[in-house]
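Inspection log for the structure reproduced underneath, given as structure tokens.
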Amino acid sequence: MNTAIDTRNPAAATAGPDAAETALAAGTVVLDELVEARGPWSAVVAAGDVLTIVDLEGNQAVDCLLYAAADTTIRYSAPVTIASQQSIILTTGSVLRAETGEPLMTVVADEVGVHDTIGGACSQESNTLRYGQHTREQHACVENFLIEGSRWGLGKRDLVSNINWFMNVPVDPDGALGIVDGLSAPGKRVALRAEVDTLVLVSNCPQVNNPCNGFNPTPVRMIVTRPEAAL
Numbered sequence: 028m029n030t031a032i033d034t035r036n037p038a039a040a041t042a043g044p045d046a047a048e049t050a051l052a053a054g055t056v057v058l059d060e061l062v063e064a065r066g067p068w069s070a071v072v073a074a075g076d077v078l079t080i081v082d083l084e085g086n087q088a089v090d091c092l093l094y095a096a097a098d099t100t101i102r103y104s105a106p107v108t109i110a111s112q113q114s115i116i117l118t119t120g121s122v123l124r125a126e127t128g129e130p131l132m133t134v135v136a137d138e139v140g141v142h143d144t145i146g147g148a149c150s151q152e153s154n155t156l157r158y159g160q161h162t163r164e165q166h167a168c169v170e171n172f173l174i175e176g177s178r179w180g181l182g183k184r185d186l187v188s189n190i191n192w193f194m195n196v197p198v199d200p201d202g203a204l205g206i207v208d209g210l211s212a213p214g215k216r217v218a219l220r221a222e223v224d225t226l227v228l229v230s231n232c233p234q235v236n237n238p239c240n241g242f243n244p245t246p247v248r249m250i251v252t253r254p255e256a257a258l
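So the mapping is simple: the working numbering equals the position in the sequence shown, first residue as 1, plus 27.
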């Protein structure tokens, strides 16, 4: 499915005037937005531009999906990315690849060192299964993805295994996964360079039933910079 691209996001608030100092990549700031706690966000990051994600208060998981803006059938693949780099951990140097093997974005700077791509996204169904029927009505990342993805013509069939920035998911020797306290801290950042024009969907995770957000979802900041040579 080819999808027309609209880079406007009127629901997002301007984050602040010091974006150039906060971003992990030098250049002209072309976007600086705050994503409220539990909220969705999206934007197209042009090829060569760098997206810095700022964990403002620390220990906040940021669920993320990537699509080629020109053709959203080309989307992030966790299995291809893991197989290509021979590691389940995302950090500086990780190339985030589509199922075709095409690079979508590259992690060019990282102040945390460990980000997850196997833990998936919370949903109302998974909350109910893991934590009980009383959690069924809690807002979750899948719902955020569906809400924000609808702005770009995306639906449930377009959702795939996602990235969890700042989330700590260790794997035990027996193969069991854990969701434990994050390794991030207030102001920690990760930066992604777009290798093609890339649609980035984010759910600022609303989960309150496990430690991925320290049981207290908080805002994050999204800053896009454009290298001076590209201007």
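No residue lacks a Cβ here, since even glycine has one placed at the ideal position from N, Cα and C.
Subject >> residue 111, enclosing beta strand (DSSP E) - first and last residue >> reply: Per DSSP, residue 111 belongs to no beta strand (DSSP E); it is in the alpha helix (DSSP H), 105-112.
Original post:
If you compare alpha carbons, which of 224, 53, 113, 89 is closest to residue 241?
Top reply: 89
**OP:** Below 7 Å CB to CB, which residues in the same chain sit around residue 196 once its five sequence neighbours on both sides are set aside?
**Re:** 143, 145, 146, 204, 205, 206
Original post:
How about the segment 216-230 and the segment 121-141: do they share at least three Cβ pairs that are nearer than 8 Å?
Top reply: yes
Original post:
Residue ranges of each alpha helix (DSSP H) run of no fewer than 4 residues wholly in the segment 122-210, ordered along the chain?
Top reply: 151-158, 168-176
**OP:** Could you tell me whether the segment 92-100 touches the segment 183-192, using the rule of 3 or more Cβ pairs below 8 Å?
**Re:** yes
Subject >> Sufficient close CB pairs (3 or more, under 8 Å) joining the segment 224-243 to the segment 60-76 >> reply: yes
Subject >> Own chain partners of residue 234 with C-beta closer than 6 Å, once the 5 adjacent residues on each side are dropped >> reply: 149, 240
Original post:
Excluding the five sequence neighbours on either side, which residues of its own chain have a C-beta within less than 8 Å of the C-beta of residue 223, listed in chain order?
Top reply: 74, 95, 96, 97, 129, 130, 131
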